[in-house]
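The listed protein sequences derive, respectively, from chains L and S. Here numbering that gives the first Met the number 0 is used: the first residue of the first sequence is 0, the next is one more, and so on. Here numbering that gives the first Met the number 0 is used: the first residue of the second sequence is 0, the next is one more, and so on.
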Amino acid sequence: MNDDLWKHCRQILETKISAQQYTLFILPLQAEVDSDTLTLYSPNPIVKDLVESRFSKLIHQIIDENFAHLIKEVKFLVGSKQKSQSAPPTLAKAIPELKLPESQSFPSSTSENSAFNQPAQQHNNRIVNRSVSPSDFRSNLNVNNNFDNFIEGKSNQIARASALQVSASPGVAYNPLFIYGGSALGKTHLMQAIGNKILQNNRGAKVLYLHSEKFVADMVKALQNNTINDFKRYYRSLDTLMIDDIQFFAGKDRTQEEFFHTYNTLLEGQKQIILTCDTYPTEVKRLEDRLKSRLTWGLTVSIEPPDLETRVAILNSKAALCSVLLPTDVAFFIAKHCRTHVRALEGALTRVIANATFRTQPISMEIAQEALRDQLSLQSKQITIDNILKVVADHFNLKISDILSQRRNRSIVRPRQIAMTLAKEITEHSLPEIGNSIGGRDHTTVMHAVKTIKALRAIDPSLSDDYDILLRKLSI
Amino acid sequence: MQQTPLPLGNTLEPSCRFANFIVGRNLQLMQRLQQTSPPPLLYLWGGDGLGKSHLLQSICHAQSDQGGVAFYLPLALLKDEDPSLLTGMGEANLIALDDLDSVAGRADWEEAIFHLLNQLRLQGGRGVVAARHAPQALPLQLPDLSSRLQWGEVYSLQPLNDAEKHRLLQDRARSYGIHLSDALVNYLMQRLTREVGPLMRLLEDLDYASLAAKQRVTIPFVRQWLQQQNRLV
């Protein structure tokens, strides 16, 4: 009864709200009917909060129109209708029939031919069978990740050459290909370039790219839905399996077990396996020894952080993709500040382009410096009153003790007033704090200094220049 | 069964709208936010009282107004929850992660956020992250998360100048039903803090004090109150 009533409500709700809202908020709910009360359990406070505020009225209306004789009250709670509630339910756990994009679904056991040809999606407790042709198969590959735009340098030469060979003879040369290296050095790009090349050579090839987390999630879902055989059949029917960041298999014993068997089956069938990881196979923590040893059966190649010239070449390539003219000095400036990985380079370039667009100016060093102040936290040195005193003293060839002193000759008073004004402008210290830090003075002295410098800047270009130079020094 | 009241999603602060945000020196960011093709990942950083939470909630409001699904997740309040609550949220149109600093160094949260950002990117959703520090300066354990954050478009929020703080203080006071004269605002800002966060807290205290004393907020009243509180330097 519970299921029928709520199932009926859900069917009505599905017609009244967007598919996305239905998937995110309604599907995770578990229903329980106790006498004349319908209790809807949300997997977490976030979903409960949103369901109650957005859909409570609609749910009440549906109940009133259809089940008024049965239900008098609707309650919204966090939790699960199951008796055992030892583990907090998550969205995924609460959505056994979560509607997933095709790329995320694997075939059901009802498939008659190959699992690949007839995937089925469980959705709203209905099995939807739909035939798809091989061309419908989604590999999850980003077509922009290809060999042409993979910038070669000393740091990735061997990896690229190996990848090219694998793409020319999948399943034959270097199986598995294991690419390892730090974050954002191009492992995913290279892996996907292989996949795209294989597809280019053979459009019917069943090539699948996925992140390790997705493999884990699919397996958990298959176990929950009792479709583990479909899961196995699907993954073992692939021509090329590419899994990114397998270090996230660490400690997930059931996943490792399943992957181990999939791995063996694919290798035996001369199907290509490509894996990436942040470290050498035997160094991956909490990975079964038998899996570690198998991962080294093929070819293991590393990608190192790109050198300066390669980083500049990467920037030029990205700039060309965005149809942006990147001056050489700016490319070197960005490359010098983003040493560790490619994503930082891309992020920095994006920010520089955004800054140039905002200012409606071509990219220049000034534009780049301003943008990278945000991106790279070049202004990470905290602006303090002590720092201001040091910079001002250096600029006027004074000692800090001179500025802090009680001396009142103009050559010291002006820098002192400038320091006070800068402190008011670029720090958030209160005026009493500023006065106190600069020679134990009163807040009214600071107010007087600010007023004086403002007036002098309007009539004295030299002082105004000094002030601007100091402001720039302190701000960059 | 836990029932934790959390300021999430629908409980966005109604006043946190772009229209109520004093732009100051953040014009470029504001223009970027209101463009038709905002970046897939936006990262805002800066200290307290710069308006990060206000902006994140404004972005969520704007997304909801357009019929999209947006989650506002204040991590400082959520950090004691199980990070698995993020599972599946990558299906949303927008995820706003506030106070990322509060879970930096927590392996479980870092991994969950990493997977969330990956899923969001795969599904074509947008992410907005706010923290006190730039991505490079965050004490993250997971290099993959750090690199993904650095992939985003990063903006540091610039503090308001004194004139803008003056306006903000008067606007906020008006929302409390208090009239703050220019002279009174100058009095406060010349003698007390100039940081937005403490200024706003001071205003709240002042509101209670004037209600308790049943007096209007004037300079003599404020002077006397500050002296009683030992808050006057």
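Cβ atoms here follow ideal geometry from the backbone N, Cα and C, with glycine treated the same way.
Residue i and residue j closer than 8 angstroms at C-beta
i: L:G181; j: L:H336; result: no
i: L:L421; j: L:I399; result: no
i: S:Q135; j: S:Q149; result: yes
i: L:T278; j: L:Y179; result: yes
i: S:V153; j: S:L183; result: no
i: L:A183; j: L:N145; result: no
i: L:W296; j: L:P175; result: yes
i: S:L237; j: S:Y42; result: Nothing about residue 237 of chain S can be reported from this structure: the residues present for chain S run from 0 to 232 only.
i: L:V32; j: L:L4; result: yes
i: L:S429; j: S:T192; result: yes
i: S:H165; j: S:M199; result: no
i: L:P304; j: L:R338; result: yes
i: S:L93; j: S:I58; result: yes
i: L:F332; j: L:A367; result: yes
i: L:L198; j: L:L237; result: no
i: L:T275; j: L:K186; result: yes
i: S:L202; j: S:G23; result: no
Classification of residue i by the beta-carbon crowding that lies within 10 angstroms, buried from 16 upward
i: L:N396; result: exposed
i: L:G152; result: buried
i: L:A318; result: buried
i: L:M364; result: exposed
i: L:S461; result: exposed
i: S:N117; result: buried
i: L:T299; result: buried
i: S:Y207; result: exposed
i: L:K82; result: Residue confidence for L:K82 is low, a pLDDT of 38 falling below 50, so the modelled location carries little weight and cannot support an answer.
i: S:P73; result: buried
i: L:L324; result: exposed
i: L:Q255; result: buried
i: L:S132; result: Residue placement at L:S132 is poorly supported in this model, since its pLDDT is 40, which falls under 50; the coordinates still yield a value, given next. Exposed, by the Cβ-count rule.
i: L:T349; result: buried
i: L:V311; result: buried
i: L:A392; result: buried
i: S:D181; result: exposed
Residues near residue i by beta carbon distance below 8 angstroms, same chain, minus five either side
i: S:D112; result: Going by the sequence as given, residue 112 of chain S is Ile instead of Asp. So the qualifying residues of the chain are P82, L85, L96, L99, V102, L144.
i: L:L473; result: I382, N386, I387, V390, L421, I425
i: L:E282; result: none
i: L:A204; result: P169, I197, L198, D238, T239
i: L:T444; result: M419, G434
i: S:G104; result: P138, L139, Q140
Coarse secondary structure for residue i, derived from DSSP in three states
i: L:D306; result: coil
i: L:V351; result: helix
i: L:L76; result: strand
i: L:H210; result: strand
i: L:Y179; result: strand
i: S:P38; result: coil
i: S:F70; result: strand
i: L:T327; result: helix
i: L:T226; result: coil
i: L:G152; result: coil
i: L:Q432; result: The amino acid occupying residue 432 of chain L in the given sequence is Glu; Gln does not appear at that position. If DSSP states are grouped into helix, strand and coil, L:E432 belongs with the helices.
i: S:D81; result: coil
i: L:K270; result: coil
i: L:L473; result: helix
i: S:Q214; result: coil
Inter-residue CB distance, residue i and residue j (contact presumed, cutoff 8 angstroms)
i: L:H447; j: L:G434; result: The Cβ separation is near 10 angstroms, so there is no contact.
i: L:I476; j: L:L469; result: This structure gives no information on residue 476 of chain L, because the portion of chain L shown stretches from 0 to 475.
i: L:L286; j: L:F248; result: 6 angstroms
i: S:V127; j: L:L23; result: No, S:V127 and L:L23 are not in contact; Cβ-Cβ is about 18 angstroms, not under 8 angstroms.
i: L:R293; j: L:Y262; result: 6 angstroms
i: L:R471; j: L:S463; result: About 13 angstroms separates the two Cβ atoms, so there is no contact after all.
Neighbourhood of residue i by C-beta distance below 6 angstroms, restricted to the same chain and skipping five residues each side
i: L:S301; result: Y179, G180
i: L:D451; result: Checking the displayed sequence, the identity of residue 451 of chain L turns out to be Thr instead of Asp. Counting only Cβ-Cβ distances below 6 angstroms, and skipping sequence neighbours, we find Q416.
i: L:L290; result: Q255, F259
i: L:Y40; result: Q29, L76, G78, S79, K80
i: S:F17; result: S57
i: L:P100; result: With a pLDDT of 35 at L:P100, under the threshold of 50, the predicted position of this residue should be treated as unreliable, and no value is reported.
i: S:Y186; result: I218
Own chain partners of residue i with C-beta closer than 7 angstroms, once the 5 adjacent residues on each side are dropped
i: S:L179; result: L168, Q169, A172, V216
i: L:V215; result: K251, T254
i: L:R358; result: I366
i: S:Q62; result: A69, N92, L93
Near the ligand SAM: residue i beta-carbon under 7 angstroms from a heavy atom
i: L:N354; result: This structure lacks the ligand SAM; in fact it carries no ligand of any kind.
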